Amino acid sequence: MTTAATTARPSAFTSSRSTQTGSSFTPRATTSALNSTVAGTSSLRTATPSSVFSSRTTSSSFGSANARLNSISSNTSGSTPFSASTQEFTRKIEQAKAALSTVPKVRPISINRDGKTSLVTEKQEVTDVQYRRFAAFVEEKCGIVLGDGKQYLVNSRLSSLLSKFRVQTVDDLINLAMEEKPNNKAQEEVIDAMTTNETLWFRDTYPYKALETIILPELAKRAKYPVRIWSAACSSGQEPYSIGMIIQEQMSKMLHIDPKQTQIIGTDLSPEMLSICRRGQYDVHALSRGLSPERKEKFFRTTHNPNMMAIDSRVKSMVEFRPMNLLGSYALMGRFDVIFCRNVLIYFSNEVKADILRKLTMCLNPGGYLILGSTETLVGVSDKYEMMRCNPGIIYHLKPQKYAFN
């Protein structure tokens, strides 16, 4: 879900310390280091907002460097054998200290959904006390664990909403969101901002290859209708539509798989994401992210907007989108042959993760398939699945037992 750029930092002095013998002082190596320090701080003064995006640098880093400079400066007092060199060295120290004093504290950057960026001012940032309250609130509402030190993420994701809700600070926005009242729009959009993650067409490739070469042929042999596939936490719809494209491509190869008898359900917590899914129109530049030119030509159509393309009706008609919180009940979802729940569990605590997996398992038909993200695993979590290697990844095959809702 973040772009990061390396920010220039003052050179560390530990690798080029000067030596003292009695009252003699040899500043040659440290003078060289200070030359680079002055140059480094100059580049920091002229850094653009984009060059410091997602940086963890804080003013404490510069304070530490300043302390070193003061220490070195005090060591030069009383040095007489090399008075000319010492004067030059002292001058370099003062230059570096002056440069450090002008370096501003790095601020988070807010990016709205249109891609516009703005700096988050210090007064707007979430306070530590409010952050702890908000982290507990987010975990209660949607199970996501923010953990310590994620204030930067909260600031960057929520700051673009300040003007919309006419508040001055992230703290004020969080207070609005945490009010328990009917139709709390601030709460809805704040949760939306914290849970929306980046998604791609045919992300990681291997799940779709497994669907094409292992899962669909197996389902075709069973010849049971309808074939049901669930894309949980589907974000803006790339995953369920990618599944639909695979099925359309395999239609001519497997006569027992009928797209008209195949139901794909996409669910997500975010009303805004579900609106994008149902609209089925995507930016032409976003289509290049994981989608081949051949599939783009085959499964997308132009619209009145030259910057947008629409998913073909053959694929769109296969997918139904529903609102759903993975922390809630799954009883109305029914049973599925395949469940995609990818790159979701990593955001939950172990306890919540285990509960979600238990409920997902109850939604699978005997012999069904569970597909997780490339960094997610059932090892040590569930013994109800057989692990199937699909290089470079893994899918999980439910052992032929029956499970019921309890």
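In this text, residue positions in the sequence shown follow this note's numbering: the first is 11, and each later residue adds one.
For glycine and all other residues, C-beta sits at the position ideal for the given N, C-alpha and C.
Here the structure is a predicted model, which is why all the values come from computation and not from measurement.
Based on the DSSP output, what are the partners of Asp-278 in its beta bridges? As a first step, residue 278 must be located in the sequence shown, where it is residue number 268. Note: Asp-278 sits in a beta bridge opposite Pro-333.
Does DSSP classify Arg-213 as helix, strand or coil? Counting from 1 along the sequence shown, the entry for residue 213 is found at position 203. Coil.
Based on the DSSP output, what are the partners of Trp-311 in its beta bridges? The residue labelled residue 311 in the question sits at position 301 within the sequence shown. At residue 311 the sequence reads Arg, which differs from the Trp that was named. Its beta-bridge partners are Ala-320.
I want to know whether the segment 368 to 385 touches the segment 268 to 287 - three or more CB-CB distances under 8 Å. no
Do you know how far the Cα of Gly-290 is from the Cα of Gln-248? Mapped onto the sequence shown, residue 248 falls at position 238. Mapped onto the sequence shown, residue 290 falls at position 280. If I take the Cα positions, the gap works out to 9 Å.
Using the Cβ count rule (16 or more neighbours within 10 Å means buried), how would you classify Lys-409? Translated into positions along the sequence shown, residue 409 becomes position 399. Lys-409 comes out exposed.
Are the CB atoms of Val-200 and Gln-161 within a distance shorter than 7 Å? Here residue 161 refers to the residue found at position 151 of the sequence shown. Here residue 200 refers to the residue found at position 190 of the sequence shown. Their beta carbons are not under 7 Å apart, which means Gln-161 does not touch Val-200 by this criterion.
Grab me the residues of Ile-404's own chain with a C-beta within less than 6 Å of its C-beta, minus the 5 sequence neighbours each way, in chain order. Within the sequence shown, numbered from 1, the residue matching residue 404 stands at position 394. Closer than 6 Å at Cβ, skipping near neighbours: Met-397.
Three-state secondary structure (DSSP) at Tyr-406? As a working note, residue 406 is residue 396 in the sequence shown. Strand.
Locate the beta strand (DSSP E) running through Tyr-379, then write down its first and last residues. Reading the sequence shown from its first residue, position 369 is the one you call residue 379. That run of the beta strand (DSSP E) goes 374 to 382.
Can you list, in chain order, the residues of its chain whose CB lies under 7 Å from that of Asn-335, leaving out five sequence neighbours each side? Taking the sequence shown and counting its residues from 1, one reaches residue 335 at position 325. Cys-152 and Leu-279.
Which residue wins for smallest C-alpha separation from Tyr-216, given the options Thr-205, Ile-253 and Ser-170? On the sequence shown, position 206 is the one that residue 216 refers to. The candidate whose alpha carbon is nearest that of Tyr-216 is Ile-253.
If we call anything under 7 Å between Cβ atoms a contact, is Leu-374 one with Phe-350? Indexing the sequence shown from 1 puts residue 374 at position 364. Indexing the sequence shown from 1 puts residue 350 at position 340. Contact: no.
CB-CB length for Glu-282 against Asp-202, believed under 8 Å: In the sequence shown, residue 282 corresponds to position 272, counting from 1. In the sequence shown, residue 202 corresponds to position 192, counting from 1. Contact flag correct, Cβ pair sits at about 6 Å.
For Cys-287, the residue or residues it bridges with in DSSP: The residue given as residue 287 occupies position 277 in the sequence shown. In DSSP, Cys-287 forms no bridge with anything.
Where does Ile-239 sit, in a helix, a strand or coil, going by DSSP? Position 229 of the sequence shown, counting from 1, holds the residue named residue 239. Here Ile-239 sits in strand by DSSP.
Between the CA atoms of Asn-317 and Tyr-292 - distance to the nearest angstrom: Sequence index remark: in the sequence shown, residue 292 carries index 282 (1-based). Sequence index remark: in the sequence shown, residue 317 carries index 307 (1-based). Spanning the two alpha carbons is a distance of roughly 8 Å.
Buried versus exposed, by CB contacts within 10 Å (16 or more), Leu-342: In the sequence shown, the residue the question calls residue 342 occupies position 332. So Leu-342 counts as exposed.
Straight-line CA distance for Ser-359 to Phe-147? Numbered from its first residue, the sequence shown carries residue 359 at position 349. Numbered from its first residue, the sequence shown carries residue 147 at position 137. So the alpha carbons of these two residues sit roughly 14 Å apart.
Separation of Pro-376 from Ile-356, as counted between CA atoms: On the sequence shown, position 346 is the one that residue 356 refers to. On the sequence shown, position 366 is the one that residue 376 refers to. In a straight line, the C-alpha of Ile-356 is about 26 Å away from that of Pro-376.
According to DSSP, residues forming a beta bridge with Phe-346: As a working mapping, residue 346 is identified with position 336 in the sequence shown. Partner(s): Leu-374.
What are the residues that DSSP puts in a beta bridge with Glu-396? Here residue 396 corresponds to residue number 386 of the sequence shown, with the count starting at 1. DSSP, once it has assigned bridges, lists His-407 as partnering Glu-396.
Find out if the Cβ-Cβ distance for the pair Gln-178, Ala-187 is shorter than 7 Å. Counted from its first residue, the sequence shown places residue 178 at position 168. Counted from its first residue, the sequence shown places residue 187 at position 177. No, the pair does not count as a contact, with Cβ atoms beyond the cut-off.
Taking the alpha carbon of Val-389 as the reference point, which residue from Lys-363, Leu-337, Val-325 and Ser-166 has its own alpha carbon closest? Locating residue 389 in the sequence shown gives position 379, counting from the first residue. Selected option, being the one with the closest Cα: Lys-363.
Provide the residue(s) that pair with Gln-273 in DSSP beta bridges, ordered along the chain. What you label residue 273 is simply residue 263 of the sequence shown in a count that begins at 1. Paired residues: Arg-238.
With distances taken from CA atoms, which of Trp-211, Leu-156 and Arg-352 is nearest Arg-299? Residue mapping note: residue 299 aligns to position 289 of the sequence shown, counting from 1. Out of Trp-211, Leu-156 and Arg-352, Trp-211 has the C-alpha closest to the C-alpha of Arg-299.
Taking the alpha-carbon positions, what's the Leu-172 to Ser-166 distance? Here residue 172 is taken as the residue at index 162 of the sequence shown, counted from 1. Here residue 166 is taken as the residue at index 156 of the sequence shown, counted from 1. If you take the alpha carbons of Leu-172 and Ser-166, they lie about 11 Å apart.
Backbone secondary structure at Asp-293 - three-state DSSP: By one-based count along the sequence shown, residue 293 stands at place 283. Reduced to three states, the DSSP call for Asp-293 is strand.
Can you give me the C-alpha to C-alpha distance between Glu-228 and Met-261, rounded to a whole angstrom? Taking the first residue of the sequence shown as 1, we reach residue 228 at position 218. Taking the first residue of the sequence shown as 1, we reach residue 261 at position 251. Going from the Cα of Glu-228 to the Cα of Met-261 covers about 14 Å.
Please name the residue or residues paired with Phe-175 in a DSSP beta bridge. On the sequence shown, position 165 is the one that residue 175 refers to. According to DSSP, which records beta bridges pairwise, Phe-175 is partnered with nothing at all.
Quick check: Pro-269 and Ile-286, are their CB atoms within less than 7 Å of each other? Within the sequence shown, the letter at position 259 stands for residue 269. Within the sequence shown, the letter at position 276 stands for residue 286. Not closer than 7 Å, so no.
For a test of your reading of the model: does the CB of Arg-213 fall under 6 Å from any non-hydrogen atom of the ligand FAD? Yes or no. No copy of the ligand FAD occurs in the structure displayed, which carries no ligand at all.
Report the CB separation of Tyr-340 from Lys-369 in whole angstroms; it is logged as a contact under 8 Å. Along the sequence shown, one-based indexing puts residue 340 at 330. Along the sequence shown, one-based indexing puts residue 369 at 359. 5 Å between Cβ atoms; contact.
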